[in-house]
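Here is the structure we will look at, set down as structure tokens.
Residue numbers (UniProt numbering): 1 to 554.
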């Protein structure tokens, strides 16, 4: 098919913190050199920030480097952290507060800010546009462009106006465009679907541990002003997940923003073993614990969302570059799980890649080569130093559980500064950690009360998720028979529980036979199904641009 095309020096896929920081740094470097570099950012969300979801306690280190005058420029960092409270929840009614003396130093948040990452990305987009970057929201990058030598030369955006069978709709069809580039940076976020293809095509993960993931579920609440303490950060470990054992682990957060708002969430490690576990329902019952209930009771829930996070750290980083481009941010996997922070690391990786690209273009490169100077700069940066110091954090929790793994991490971080003379590894992929249903205990989740806990569909409604219904399903089954023929008898088809949006259902038909139903309209683009399906039978691809959630300030 002949497609229209546009040409740029650099195309960036994804308007998150990594992609936008890269775009800004490219333009800054060009201006410093008195040169011109054309930069285009494509974003699948309906607007910049629509698909951004993070806790988020934000460390401003990278932002200080990118825009030293960010306060004067009006960056939306309005709530500085005042206090950290950390609890171990022992059961549904009791908790132990961890003394500061025994908290790993990576969990100390002095000098950090509680923010909406979506709003920070909107602000970064304004700065990028002021510098001359072209940003196109509502356009989903569907696949990478390759030349005859297998070099990445840009991306193709998805077709618009296609029906369920893939046929053009009369009067509505618009073919995707080719966005050609000398260099292409992929900043799609965790489990980026093109990034996943590139890792496989170029065998980028041949020397790294497997990537590990969690699913983060988050809500925003307006609470009683008498219960609000702006700047308070609360973290918990343990109940409703495992307190000592290592099979089903995770942790929660509750952050006090401005305007009597708090954000509350749960991160569940996707290495969990019990196929009957539902991250969504674990989150709902968490909010009934006294540590959480003391703030939320009498409040109003105003937003909901979910997103997978990369937490493998340095051990799981694939090779960063290939001919014609690079992976940055969570497409690469730079989140520092020991801090539960990935925004500053994503920004820094984008800035390092941008500097390598800018230097090459200013020197006259026509692109197509591997950006090895990006790799060298990464290894010499504080980003690598930080990830190296935290390399044992995740594997320790997986091997030893939250209690003994937490003790190991306290010693590693506080006594040795992350410089123990050995590295722990976890090479078992998350999807392979599920036990058989026959060997697992069913979990009886309480019904939501409509005050603190809620059902999936009302939650998805709050995410403002929408997809054009007459389009091909973006959740692809390699073998459509596997959910009922294999996953159901072996694991009681866990997709109906691990999805936080009610996308997957096992429906009993009139004749008594079971049918696997995909409600793609509900999808909040968390990518959990692509990660956790035990048969690795589900592939998430981008739907039409502007589809998915529309988060206002997550």
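Glycine included, every Cβ here is placed at the ideal spot set by N, Cα and C.
Nearest residue (CA-CA) to residue i, options the options
i, options, result
"residue 387", "467, 504 and 315", "315"
"residue 443", "469, 350, 240 and 539", "240"
"residue 151", "401, 321 and 341", "321"
"residue 72", "206, 39, 110 and 123", "123"
"residue 324", "134, 458, 277 and 154", "154"
"residue 180", "161, 199 and 156", "156"
"residue 403", "219, 83 and 249", "249"
"residue 478", "535, 493 and 121", "535"
"residue 546", "533, 524, 484 and 396", "524"
"residue 36", "161, 357, 100 and 121", "357"
"residue 64", "53, 429 and 112", "112"
"residue 204", "310, 214 and 332", "332"
"residue 190", "233, 282 and 212", "212"
"residue 354", "22, 7, 5 and 8", "22"
"residue 231", "496, 174 and 262", "262"
"residue 505", "518, 511, 513 and 512", "518"
"residue 494", "522, 370, 270 and 178", "270"
"residue 14", "28, 29, 46 and 5", "46"
"residue 183", "74, 166, 364 and 208", "364"
"residue 397", "415, 426, 372 and 383", "426"
"residue 461", "168, 522 and 8", "522"
Beta-carbon gap between residue i and residue j smaller than 8 Å
i, j, result
"residue 79", "residue 266", "no"
"residue 587", "residue 377", "No answer is possible for residue 587: it lies beyond the span of the chain, which begins at 1 and ends at 554."
"residue 412", "residue 405", "no"
"residue 629", "residue 440", "This structure leaves residue 629 out entirely; the chain is present only between 1 and 554."
"residue 347", "residue 66", "yes"
"residue 527", "residue 308", "yes"
"residue 197", "residue 144", "yes"
"residue 503", "residue 475", "yes"
"residue 313", "residue 18", "no"
"residue 343", "residue 393", "no"
"residue 81", "residue 114", "yes"
"residue 103", "residue 243", "no"
"residue 289", "residue 540", "no"
"residue 55", "residue 374", "no"
"residue 362", "residue 33", "yes"
"residue 301", "residue 139", "no"
"residue 251", "residue 90", "no"
"residue 278", "residue 25", "no"
"residue 424", "residue 399", "yes"
"residue 215", "residue 421", "no"
"residue 317", "residue 223", "no"
"residue 85", "residue 109", "no"
Secondary structure of residue i, DSSP reduced to three states
i, result
"residue 168", "strand"
"residue 490", "helix"
"residue 116", "coil"
"residue 506", "strand"
"residue 525", "coil"
"residue 8", "strand"
"residue 276", "coil"
"residue 228", "coil"
"residue 193", "helix"
"residue 416", "coil"
"residue 514", "strand"
"residue 375", "helix"
"residue 434", "coil"
"residue 211", "coil"
"residue 536", "coil"
"residue 204", "coil"
"residue 530", "helix"
heavy atom of the ligand ADP below 7 Å from residue i C-beta
i, result
"residue 10", "In the structure on display, the ligand ADP does not appear, and there are no ligands present to speak of."
Cβ distance (whole Å) where residue i is taken to contact residue j below 8 Å
i, j, result
"residue 560", "residue 3", "Any property of residue 560 remains undetermined from this structure, which presents the chain solely from 1 to 554."
"residue 16", "residue 329", "6 Å"
"residue 159", "residue 176", "5 Å"
"residue 550", "residue 459", "With a Cβ gap of about 14 Å, residue 550 and residue 459 do not count as contacting."
"residue 48", "residue 10", "Their Cβ separation, rounded to whole angstroms, is 18 Å, which puts residue 48 and residue 10 out of contact at 8 Å."
"residue 552", "residue 467", "So it is not a contact: roughly 18 Å between Cβ atoms."
"residue 219", "residue 303", "6 Å"
"residue 135", "residue 41", "5 Å"
"residue 299", "residue 221", "5 Å"
"residue 264", "residue 282", "Between residue 282 and residue 264 the Cβ distance is about 13 Å, and since that is not below 8 Å, they are no contact."
"residue 120", "residue 76", "6 Å"
"residue 341", "residue 59", "6 Å"
Review point. In chain order, which beta strand (DSSP E) runs of at least 3 residues are fully inside the segment 282-367?
Key: Runs found: 300-310 and 325-327.
Review point. Can you list the alpha helix (DSSP H) stretches of 4 or more residues lying completely in the segment 54-138, in chain order?
Key: Those alpha helix (DSSP H) runs which fall completely within the segment 54-138 and span 4+ residues are 61-66 and 117-130.
Exercise for review: Quick one: which unbroken alpha helix (DSSP H) runs of 4-plus residues sit fully inside the segment 16-59? Chain order, please.
Suggested key: Listed in chain order, they are 17-32.
**Study point:** 4 or more residues per run - each alpha helix (DSSP H) lying fully within the segment 382-411
**Key:** You should have 382-389 and 393-410.
Point to revise | In chain order, each alpha helix (DSSP H) run of at least 4 residues that lies wholly inside the segment 438-478 | key: Listed in chain order, the alpha helix (DSSP H) runs fully inside the segment 438-478 are 456-462, counting runs of at least 4 residues.
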